[in-house]
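Notes follow the structure.
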Amino acid sequence: MYLTLLKSKLHRACVTHIELEYEGSCAIDSVLLSTAGIQEYEQIHIYNLTNGVRFVTYAIRAEDNSGIISVNGAAAHKACPGDRLIICTYAVFERSEMDSFKPLLIYLDDRNFITHTGNAIPVQVA
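The sequence shown begins at 4 in our numbering and counts up by one.
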(Lines of atoms letter the chains of each structure in order from A; the text may use other names.)
(Lines give C-alpha, C1' and ligand atoms only; values in the text may rest on other atoms or scores of the structure.)
Protein backbone atom coordinates (compact mmCIF):
# COMPACT_ATOMS: atom_id res chain seq x y z
CA MET A 4 0.00 0.00 0.00
CA TYR A 5 1.21 3.50 -0.83
CA LEU A 6 0.33 6.56 1.24
CA THR A 7 0.74 10.25 0.51
CA LEU A 8 2.43 12.11 3.38
CA LEU A 9 3.42 15.70 4.06
CA LYS A 10 7.01 16.06 2.81
CA SER A 11 7.66 19.69 3.75
CA LYS A 12 5.92 22.85 4.87
CA LEU A 13 6.68 26.57 4.88
CA HIS A 14 4.43 27.81 7.69
CA ARG A 15 3.01 31.35 7.65
CA ALA A 16 4.90 32.58 4.59
CA CYS A 17 4.01 36.20 3.83
CA VAL A 18 3.16 37.12 0.23
CA THR A 19 5.56 39.84 -0.92
CA HIS A 20 4.45 40.14 -4.56
CA ILE A 21 1.73 39.13 -6.96
CA GLU A 22 2.56 39.11 -10.66
CA LEU A 23 -0.52 38.49 -12.81
CA GLU A 24 1.38 38.74 -16.12
CA TYR A 25 4.22 36.46 -15.03
CA GLU A 26 4.34 33.03 -16.67
CA GLY A 27 2.89 31.30 -13.61
CA SER A 28 3.93 29.51 -10.46
CA CYS A 29 5.06 30.71 -7.06
CA ALA A 30 8.53 32.21 -6.67
CA ILE A 31 10.08 31.34 -3.32
CA ASP A 32 13.36 32.56 -1.80
CA SER A 33 15.95 29.94 -2.84
CA VAL A 34 17.18 29.54 0.72
CA LEU A 35 13.66 28.59 1.81
CA LEU A 36 13.36 26.12 -1.07
CA SER A 37 16.63 24.45 -0.14
CA THR A 38 15.88 24.36 3.58
CA ALA A 39 12.47 22.81 2.95
CA GLY A 40 13.79 20.37 0.35
CA ILE A 41 11.50 21.77 -2.33
CA GLN A 42 12.79 21.32 -5.88
CA GLU A 43 12.36 23.96 -8.53
CA TYR A 44 9.24 23.10 -10.59
CA GLU A 45 7.95 20.77 -7.86
CA GLN A 46 4.19 20.79 -7.30
CA ILE A 47 3.20 22.80 -4.24
CA HIS A 48 -0.10 23.16 -2.43
CA ILE A 49 -0.83 26.63 -1.11
CA TYR A 50 -3.30 27.31 1.70
CA ASN A 51 -4.07 31.01 2.12
CA LEU A 52 -4.66 31.66 5.82
CA THR A 53 -5.94 35.17 5.10
CA ASN A 54 -8.81 34.31 2.76
CA GLY A 55 -9.19 30.51 3.04
CA VAL A 56 -8.39 29.83 -0.63
CA ARG A 57 -6.46 26.65 -1.44
CA PHE A 58 -4.72 26.02 -4.75
CA VAL A 59 -1.98 23.99 -6.45
CA THR A 60 0.89 25.35 -8.55
CA TYR A 61 4.64 24.79 -8.79
CA ALA A 62 7.69 26.36 -7.18
CA ILE A 63 10.29 28.49 -8.92
CA ARG A 64 13.39 30.09 -7.43
CA ALA A 65 13.56 33.65 -6.17
CA GLU A 66 16.76 35.40 -5.13
CA ASP A 67 18.67 33.97 -2.13
CA ASN A 68 17.84 35.60 1.21
CA SER A 69 15.35 37.97 -0.46
CA GLY A 70 12.32 36.81 1.52
CA ILE A 71 10.36 36.77 -1.75
CA ILE A 72 7.12 34.83 -1.91
CA SER A 73 5.51 35.85 -5.21
CA VAL A 74 2.22 34.35 -6.36
CA ASN A 75 2.17 34.55 -10.14
CA GLY A 76 -0.06 34.09 -13.18
CA ALA A 77 -3.67 33.05 -12.65
CA ALA A 78 -2.92 32.20 -9.01
CA ALA A 79 -2.21 35.92 -8.43
CA HIS A 80 -6.00 36.30 -8.18
CA LYS A 81 -5.93 34.07 -5.07
CA ALA A 82 -3.57 36.15 -2.91
CA CYS A 83 -2.59 39.70 -2.03
CA PRO A 84 0.65 41.12 -0.67
CA GLY A 85 0.65 40.58 3.08
CA ASP A 86 -1.47 37.42 2.98
CA ARG A 87 -0.15 34.57 5.13
CA LEU A 88 0.28 31.20 3.41
CA ILE A 89 1.07 27.62 4.27
CA ILE A 90 3.04 26.10 1.39
CA CYS A 91 3.20 22.28 1.41
CA THR A 92 4.71 19.48 -0.62
CA TYR A 93 3.71 15.85 -0.46
CA ALA A 94 5.39 12.57 -1.38
CA VAL A 95 4.20 9.00 -1.85
CA PHE A 96 5.67 6.37 0.47
CA GLU A 97 5.32 2.67 0.97
CA ARG A 98 3.76 1.84 4.30
CA SER A 99 7.08 0.35 5.48
CA GLU A 100 8.78 3.77 5.00
CA MET A 101 6.27 5.68 7.13
CA ASP A 102 7.73 4.94 10.56
CA SER A 103 11.14 6.39 9.74
CA PHE A 104 9.97 9.39 7.70
CA LYS A 105 9.78 12.90 9.21
CA PRO A 106 8.61 15.98 7.28
CA LEU A 107 10.64 19.21 7.08
CA LEU A 108 8.66 21.94 8.86
CA ILE A 109 9.96 25.48 8.37
CA TYR A 110 8.43 28.30 10.43
CA LEU A 111 8.72 31.87 9.15
CA ASP A 112 8.50 35.37 10.59
CA ASP A 113 6.78 38.39 9.00
CA ARG A 114 9.73 38.93 6.60
CA ASN A 115 9.91 35.26 5.57
CA PHE A 116 13.04 34.52 7.54
CA ILE A 117 13.26 31.22 9.36
CA THR A 118 12.45 31.38 13.07
CA HIS A 119 12.79 27.65 13.69
CA THR A 120 12.42 24.25 12.10
CA GLY A 121 10.94 20.97 13.17
CA ASN A 122 9.86 17.56 12.00
CA ALA A 123 6.69 16.91 14.01
CA ILE A 124 3.44 18.80 14.56
CA PRO A 125 2.34 18.79 18.21
CA VAL A 126 -0.72 16.79 19.12
CA GLN A 127 -3.78 19.04 19.10
CA VAL A 128 -5.52 19.28 22.46
CA ALA A 129 -8.94 20.60 23.44
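Every residue, glycine too, gets a C-beta built ideally from N, C-alpha and C. Remember, predicted model here, so these are calculated numbers, not experimental data.
Original post:
Do the segment 73-87 and the segment 18-30 meet, that is, are 3 or more Cβ pairs less than 8 Å apart?
Top reply: Cβ pair count under 8 Å is three or more, so yes.
Subject >> Whole-angstrom distance between serine 33 and arginine 64, CA atom to CA atom >> reply: Using only the alpha carbons, I get a separation of about 5 Å.
Original post:
Do you know how far the Cα of glutamate 100 is from the Cα of leucine 107?
Top reply: 16 Å
Subject >> Length at least 4, wholly inside the segment 19-49: the alpha helix (DSSP H) runs in chain order >> reply: 33-39
Subject >> Any 3 or more C-beta pairs closer than 8 Å across the segment 47-66 and the segment 113-127 >> reply: no
Original post:
In chain order, what residues of the same chain lie with their CB nearer than 7 Å to the CB of alanine 61, ignoring the 5 residues before and after it?
Top reply: Note that residue 61 is tyrosine in the sequence shown, not alanine. Apart from sequence neighbours up to five positions away, the residues of its chain that approach tyrosine 61 with a beta-carbon distance below 7 Å are Ser28, Tyr44, Glu45, Gln46, Ile47, ordered along the chain.
Original post:
If you drop the 5 nearest sequence neighbours on each side, which residues of the same chain put their C-beta closer than 8 Å to that of glutamate 11?
Top reply: For the record, residue 11 in the displayed sequence is serine; it is not glutamate. In its chain, beyond the 5 residues on either side, Ala39, Gly40, Ile41, Cys91, Thr92, Pro106, Leu107, Leu108, Ile109 have a beta carbon closer than 8 Å to the beta carbon of serine 11.
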